[in-house]
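Protein chains in written order, with my numbering: chain F, 47 to 122; chain R, 2 to 218.
Ideal Cβ placement from N, Cα and C applies to all residues, glycine included.
These figures come from a predicted structure and were not determined experimentally.
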């Protein structure tokens with residue numbers, strides 16, 4: 047499922063990916079395992095979340111951007 | 002150049018070669034072929050949404066999806082319809098047939114993927130994709146292809162059997178005989194030298210002759 051809605055907000059799938067990153071996952075495989083989502087969906091979702099400015103990628107590893115951290119904190 | 006001539010100019014994918022790359026809009030967002038790296042992929046096309054044979058196929062594809070996932074394999078459907086059409090059709094199948102389609106479907110409106118994979122056969126239809134199945138391995142190589150005409154729905158058991166056969170072949174370096182199914186004996190690769198042919202007969206395989214030996218896994 048798409049991880050970012052047309053209005054730029056993360057979908058429930060997107061939030062699951064962001065939470066997995068917050069919980070320490072950093073690779074697509076790790077996120078797939080923590081979020082219990084198919085690997086192809088995670089790869090696609092991370093791309094969308096990165097475009098939305100919620101995630102940063104460095105050498106194949108992903109982490110929350112400041113914007114992503116704020117969003118996850120406000121979501122509780 | 003007519004569209005028919007143009008389509009005929011496009012080569013078919015080749016077994017054992019890298020599958021043509023793509024980045025496409027699907028019912029699950031934008032997907033790239035590389036998103037499936039590390040998993041087996043069954044890329045299949047259907048002629049059109051809201052058509053009878055395709056609907057029976059999608060219900061059947063959906064019913065074997067869990068079995069497919071147990072084999073580290075994903076489905077990716079395709080037709081030249083829009084994402085909105087795919088969504089409406091999926092919702093209709095769920096409402097009327099009580100089957101939820103959980104795998105993504107490509108909206109190949111400009112036939113970009115269809116042309117790369119030779120999915121449009123003008124003698125069948127100039128506008129619709131025929132019923133193709135491409136099995137792509139975790140390294141992105143084309144491992145098997147099936148082409149069915151518009152009028153004939155595909156056999157799900159054969160698709161599962163094909164995946165099983167390819168995975169067994171890779172894991173054990175064997176081949177599978179006609180009508181093979183999981184649990185049946187497999188074919189030991191033919192010997193490359195006269196010495197191997199002689200030794201083979203002593204190795205405890207069930208041999209009809211030196212070139213046709215079967216074994217249980």
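**Prompt:** With 16 other CB atoms within 10 Å as the buried threshold, where does residue 199/R fall?
**Reply:** By 1-based counting over the second chain, the position of residue 199/R is 198. Of the other Cβ atoms in all chains shown, fewer than 16 fall within 10 Å of the Cβ of residue 199/R; this residue is therefore exposed.
**Prompt:** To which residues of the same chain is residue 6/R closer than 8 Å at the C-beta, ignoring the five residues directly before and after it?
**Reply:** Working through the second chain from its first residue, we reach residue 6/R at position 5. Low confidence applies here, because residue 6/R scores a pLDDT of 47, under 50, leaving its location unreliable; read the following figure in that light. Within the same chain, residue 6/R has no close Cβ partners at all.
**Asked** What does residue 107/F pair with, by DSSP beta-bridge criteria?
**Response** As a working note, residue 107/F is residue 61 in the first chain. Residue 107/F pairs with 104/F.
**Prompt:** Which term fits residue 66/F, buried or exposed, when burial requires 16 or more other beta carbons within 10 angstroms of its beta carbon?
**Reply:** Mapped onto the first chain, residue 66/F falls at position 20. Buried: at least 16 other Cβ atoms inside 10 Å.
**Prompt:** Under 7 Å Cβ-Cβ, which residues of chain F neighbour residue 45/R?
**Reply:** Numbered from 1 along the second chain, position 44 holds the residue referred to as residue 45/R. Correct list: empty, because the minimum Cβ distance to chain F is about 15 Å.
**Message:** Using DSSP's beta-bridge definition, name the partner residues of residue 90/R.
**Reply:** Along the second chain, read from residue 1 onward, the residue named residue 90/R stands at position 89. Its beta-bridge partners do not exist; DSSP assigns none.
**Message:** Less than 7 Å separating the Cβ of residue 102/F from some heavy atom of the ligand NAD?
**Reply:** Of the ligands one can find in the structure shown there are none, so the ligand NAD has no counterpart to examine.
**Coil, strand or helix - residue 48/F by DSSP** = Position 2 of the first chain, counted from the first residue, corresponds to residue 48/F. Of the three classes helix, strand and coil, the one that applies to residue 48/F here is coil, per DSSP.
**Message:** Can you tell me whether residue 67/F is helix, strand or coil according to DSSP?
**Reply:** To locate residue 67/F, count along the first chain from 1; it is residue 21. Note: residue 67/F maps to helix in three-state DSSP.
**Message:** Based on DSSP bridge pairs, tell me the residues matched to residue 134/R.
**Reply:** As a first step, residue 134/R must be located in the second chain, where it is residue number 133. Note: residue 134/R sits in a beta bridge opposite 45/R and 147/R.
**Prompt:** Can you tell me the Cα-Cα spacing of residue 181/R and residue 216/R, whole angstroms?
**Reply:** Position 180 of the second chain, counted from the first residue, corresponds to residue 181/R. Position 215 of the second chain, counted from the first residue, corresponds to residue 216/R. Straight-line Cα distance between these residues: approximately 12 Å.
**Message:** For the region 73–93 of chain F against the region 33–51 of chain R, do three or more pairs of beta-carbon atoms, one drawn from each stretch, fall closer than 8 Å, so that the two count as touching?
**Reply:** By the C-beta criterion, the region 73–93 of chain F is judged to be in contact with the region 33–51 of chain R, since at least 3 inter-stretch pairs fall below 8 Å.
**Contacts of residue 75/R in chain F (Cβ-Cβ under 7 Å)** = Residue 75/R sits at position 74 when you count from the first residue of the second chain. Within chain F, the residues whose beta carbon sits less than 7 Å from that of residue 75/R are 84 and 86, listed in sequence order.
**Near-chain R residues of the region 88–121 of chain F (beta-carbon distance less than 7 Å), N- to C-terminal order** = So the close ones are 89, 90 and 94.
**Request:** At 7 Å on the CB atoms, spell out the chain F contacts of residue 37/R, in chain order.
**Result:** Against the second chain, residue 37/R aligns to sequence position 36. In chain order: 86.
**Asked** How about the region 146–158 of chain R and the region 60–77 of chain R: do they share at least three Cβ pairs that are nearer than 8 Å?
**Response** Yes, the region 146–158 of chain R touches the region 60–77 of chain R.
**Asked** Is there a Cβ from chain F that is less than 8 Å from the Cβ of residue 141/R?
**Response** Counting from 1 along the second chain, the entry for residue 141/R is found at position 140. Closer than 8 Å: no.
**Request:** Taking residue 56/F as the query, report the chain R residues whose CB atoms sit under 8 Å from its CB, ordered along the chain.
**Result:** Within the first chain, numbered from 1, the residue matching residue 56/F stands at position 10. Per Cβ cutoff of 8 Å: no residues; residue 56/F is ~12 Å from chain R at best.
**Request:** Count the CB pairs spanning the region 138–156 of chain R and the region 102–117 of chain R that are closer than 8 Å, and state whether there are at least three.
**Result:** No, they do not touch.
**Request:** Could you give the DSSP three-state label for residue 170/R: helix, strand or coil?
**Result:** Counting from one through the second chain, the residue named residue 170/R turns up at place 169. Correct three-state label for residue 170/R: helix.
**Request:** Check the C-beta distance from residue 95/F over to residue 56/F and give it rounded, since I have them as a contact under 8 Å.
**Result:** Position 49 of the first chain, counted from the start, is the residue given in the question as residue 95/F. Position 10 of the first chain, counted from the start, is the residue given in the question as residue 56/F. Indeed, because the Cβ distance is near 7 Å, the residues count as touching under 8 Å.
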